[in-house]
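With our numbering applied, the sequence shown covers 1 to 313.
Here the structure is laid out as structure tokens; the discussion comes afterwards.
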Amino acid sequence: MPRKVSVVVPVYNEEANLPRLLPRLVPVLEGLGRPWEVVFVDDGSRDRSLELLKAAVAERPGRVKAVELLRNAGQHMAIMAAFGETDGEYVITLDADLQNPPEEIPKLVGKLDEGFDVVGTIRSKRRDSLFRRAASRIVNRTTGLLTGMRLNDYGCMLRGYHRDVVDVMTASDEVSTFIPALAQLYARRPVEIDVAHEERAEGESKYSLLRLVRLNFDLMTGFSLVPLQLFGPLGFVTALFGVGFGIYLLVRRLVVGSEVEGVFTLFALAFMVMGVIMAGVGMVGEYVGRIYQQVRGRPRFLVRLVHGGRREP
Ligand code: UDP
Ligand code: MG
Numbered sequence: 001m002p003r004k005v006s007v008v009v010p011v012y013n014e015e016a017n018l019p020r021l022l023p024r025l026v027p028v029l030e031g032l033g034r035p036w037e038v039v040f041v042d043d044g045s046r047d048r049s050l051e052l053l054k055a056a057v058a059e060r061p062g063r064v065k066a067v068e069l070l071r072n073a074g075q076h077m078a079i080m081a082a083f084g085e086t087d088g089e090y091v092i093t094l095d096a097d098l099q100n101p102p103e104e105i106p107k108l109v110g111k112l113d114e115g116f117d118v119v120g121t122i123r124s125k126r127r128d129s130l131f132r133r134a135a136s137r138i139v140n141r142t143t144g145l146l147t148g149m150r151l152n153d154y155g156c157m158l159r160g161y162h163r164d165v166v167d168v169m170t171a172s173d174e175v176s177t178f179i180p181a182l183a184q185l186y187a188r189r190p191v192e193i194d195v196a197h198e199e200r201a202e203g204e205s206k207y208s209l210l211r212l213v214r215l216n217f218d219l220m221t222g223f224s225l226v227p228l229q230l231f232g233p234l235g236f237v238t239a240l241f242g243v244g245f246g247i248y249l250l251v252r253r254l255v256v257g258s259e260v261e262g263v264f265t266l267f268a269l270a271f272m273v274m275g276v277i278m279a280g281v282g283m284v285g286e287y288v289g290r291i292y293q294q295v296r297g298r299p300r301f302l303v304r305l306v307h308g309g310r311r312e313p
């Protein structure tokens with residue numbers, strides 16, 4: 001029996017893209033010659049996305065499901081919610097905006113068949129704005145450095161996972177997480193392949209600059225303590241410098257007499273050190289805030305209904 005493929009698609013205000021997605025996705029999945037299902041998650045859309053998804057479920061009962069979230073939980077939590085509704089041996093994630101061509105899915109399935117349990121992807125010719133690409137490059141580099149994970153392209157969400165990896169990911173219960181990094185953590189045999197990338201078909205990116213920054217902090221704080229630990233040595237070096245400076249001033253006072261000039265240099269130094277301290281406090285805040293969110297133990301996402309699924313009334 002060939003292994004079943006579950007495709008997970010997070011949807012947030014994608015009414016313009018949904019009518020084009022399934023007509024491209026379904027033939028690809030049919031072409032695999034094995035059982036398949038598509039699990040959409042409506043991540044609290046305020047447009048007609050949910051209606052369109054319900055229609056898609058009605059059109060292909062048993063094949064298409066739609067998890068309806070009560071409110072927006074963010075792309076990664078939405079995917080987590082959908083993971084819980086999948087039952088395929090292989091799970092593929094895909095964006096709804098057609099930036100990840102569905103035609104690449106057979107490649108991913110092929111790699112999973114070869115025995116790799118996490119198939120990562122690198123967007124060979126990325127079609128995003130220059131700014132977005134530059135930001136991603138910085139993030140990919142620093143994250144690689146901080147976490148020690150060797151992943152070339154964290155941002156590409158067209159990925160394939162073996163059931164075992166999906167199960168540990170859903171069991172992880174992390175509130176602010178980043179799925180590709182989490183998968184990398186649990187992978188026994190990861191592999192990366194090149195995939196095509198297209199421009200967003202319709203609409204605009206759902207990530208504002210602020211949301212992107214927050215997501216990148218999720219990635220950093222979730223998978224590394226280095227940003228936090230950096231401030232220890234930094235403080236130590238600053239303190240050493242301060243002591244050296246003090247000794248110099250003392251000696252100077254004894255030899256040349258007390259000084260009055262250079263007050264503004266001192267200001268500059270003081271501001272610099274204060275800046276570093278504030279950055280450090282901010283960094284601690286990033287961790288503490290996430291710890292607070294986690295310990296409150298509120299549900300990570302709220303499922304209202306699963307259309308076409310077991311929980312439907
Ligand atoms: N998405 C989501 N919830 C959100 C934001 C985005 O489910 O809060 C979905 C969105 O509908 C799309 C995917 O996540 O299918 C990627 O989002 P987007 O294309 O806006 O991100 P970008 O390609 O700019 O990184
Ligand atoms: Mg996109």
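Ideal placement from N, C-alpha and C gives every residue a C-beta, glycine not left out.
These numbers were taken from a predicted model, which means no experiment stands behind them.
Give the DSSP-derived three-state secondary structure of Tyr370 in the structure shown. Given a span of 1 to 313 for the chain in the structure shown, any question on residue 370 remains unanswerable.
Candidates Glu114, Thr143, Arg304, Ile277: closest to Leu234 by CA position: The count along the sequence shown starts at 1 and reaches residue 234 at position 234. Residue Ile277 is the option with its Cα nearest to Leu234.
Can the beta-carbon of His76 be found closer than 9 Å to that of Ile179? Position 76 of the sequence shown, counted from the first residue, corresponds to residue 76. Position 179 of the sequence shown, counted from the first residue, corresponds to residue 179. Cβ distance < 9 Å, so His76 and Ile179 count as in contact.
Every unbroken alpha helix (DSSP H) within the region 18–50, with a cutoff of 4 residues, ordered by chain: 18–31
Enumerated in chain order, which unbroken segments of the alpha helix (DSSP H) with a length of 4 residues or greater are wholly contained in the region 103–128? 105–113
Just to confirm before moving on: does the CB-CB distance between Val11 and Val91 stay below 9 Å? What you label residue 11 is simply residue 11 of the sequence shown in a count that begins at 1. What you label residue 91 is simply residue 91 of the sequence shown in a count that begins at 1. Their beta carbons are not under 9 Å apart, which means Val11 does not touch Val91 by this criterion.
Select from Tyr186, Ser49, Glu59 the residue whose C-alpha is nearest the C-alpha of Phe116. Here residue 116 corresponds to residue number 116 of the sequence shown, with the count starting at 1. Closest by alpha carbon: Tyr186.
His314 (DSSP reduced to helix, strand or coil): Coverage of the chain is limited to positions 1 through 313, which leaves residue 314 absent and any answer about it impossible.
Hey, Tyr154 and Ala183 are a contact pair by Cβ (cut 8 Å); roughly how many whole angstroms apart? Residue numbering aside, residue 154 sits at position 154 when the sequence shown is read from its first letter. Residue numbering aside, residue 183 sits at position 183 when the sequence shown is read from its first letter. At roughly 11 Å, the Cβ-Cβ gap does not stay under 8 Å, so Tyr154 and Ala183 are not in contact.
Please classify Phe223: is it buried, with 16 or more other beta-carbons within 10 angstroms of its beta-carbon, or exposed? Along the sequence shown, read from residue 1 onward, the residue named residue 223 stands at position 223. It is buried - the Cβ of Phe223 has at least 16 other Cβ atoms within 10 Å.
Suppose the cutoff is 8 Å on Cβ atoms and the five residues either side in sequence are ignored; what does the same chain contact list for Leu18 look like? Here residue 18 corresponds to residue number 18 of the sequence shown, with the count starting at 1. Cβ within range, chain order: Val11, Ser49, Leu52, Leu53, Ala56, Ala96.
I need the boundaries of the beta strand (DSSP E) containing Ser6, first residue and last residue. Residue 6 sits at position 6 when you count from the first residue of the sequence shown. Taken as a continuous stretch (DSSP letters only), the beta strand (DSSP E) holding Ser6 covers 5–11.
Per DSSP, what kind of secondary structure is Arg159 in: helix, strand or coil? Here the question's residue 159 lines up with position 159 in the sequence shown. In this structure, Arg159 counts as strand in the three-state DSSP scheme.
Looking at Arg127 and Gln99, is the spacing between their C-beta atoms short of 9 Å? Indexing the sequence shown from 1 puts residue 99 at position 99. Indexing the sequence shown from 1 puts residue 127 at position 127. In contact: Gln99 and Arg127 (Cβ atoms closer than 9 Å).
Element boundaries [beta strand (DSSP E), containing Val213]: Counting from one through the sequence shown, the residue named residue 213 turns up at place 213. No beta strand (DSSP E) contains Val213, which is instead part of the alpha helix (DSSP H) from 209–223.
Determine which residues share a DSSP beta bridge with His197 and list them. In the sequence shown, residue 197 corresponds to position 197, counting from 1. Beta-bridge pairing links His197 to no other residue.
Could you give the distance in angstroms between the alpha-carbon of Val38 and the alpha-carbon of Met157? Reading the sequence shown from its first residue, position 38 is the one you call residue 38. Reading the sequence shown from its first residue, position 157 is the one you call residue 157. Each residue's Cα considered, the two are about 16 Å apart.
Measuring only the C-alpha atoms, how far is Ala82 from Leu219? Within the sequence shown, residue 82 is the residue found at index 82, counting from 1. Within the sequence shown, residue 219 is the residue found at index 219, counting from 1. Their Cα atoms are separated by approximately 20 Å.
Leaving out the 5 sequence neighbours to the left and right, which residues in its chain are closer than 6 Å to Lys206 when beta-carbon positions are compared? For the purposes of this step, residue 206 is taken as the residue at position 206 of the sequence shown. The answer, listed in chain order, is Tyr12.
Any non-hydrogen atom of ligand 2 within 8 Å of Asp95 CB: Position 95 of the sequence shown, counting from 1, holds the residue named residue 95. Under cutoff, so the answer is yes.
Mind checking whether the beta-carbon of Lys206 lies closer than 8 Å to any heavy atom of ligand 1? Here the question's residue 206 lines up with position 206 in the sequence shown. Indeed, a heavy atom of ligand 1 lies less than 8 Å from the Cβ.
DSSP state of Tyr90 mapped onto helix, strand, coil: Your numbering for residue 90 matches position 90 in the sequence shown. Of the three classes helix, strand and coil, the one that applies to Tyr90 here is strand, per DSSP.
Report the three-state DSSP secondary structure of Glu204 (helix, strand or coil). Indexing the sequence shown from 1 puts residue 204 at position 204. Residue state, collapsed to three classes: coil.
Does DSSP classify Val191 as helix, strand or coil? Counting from 1 along the sequence shown, the entry for residue 191 is found at position 191. Looking at Val191 - three-state DSSP - the assignment turns out to be strand.
By alpha-carbon positions, which one of Ala58, Leu70, Gly31 ends up nearest to Arg46? To locate residue 46, count along the sequence shown from 1; it is residue 46. For Arg46, the nearest C-alpha among the options comes from Leu70.
Could you give the residue range of the alpha helix (DSSP H) that holds Leu269? Position 269 of the sequence shown, counted from the first residue, corresponds to residue 269. Here the alpha helix (DSSP H) through Leu269 covers 263–296.
So is the beta-carbon of Arg200 under 8 Å away from any non-hydrogen atom of ligand 2? Mapped onto the sequence shown, residue 200 falls at position 200. Checking the Cβ of Arg200 against ligand 2 gives yes.
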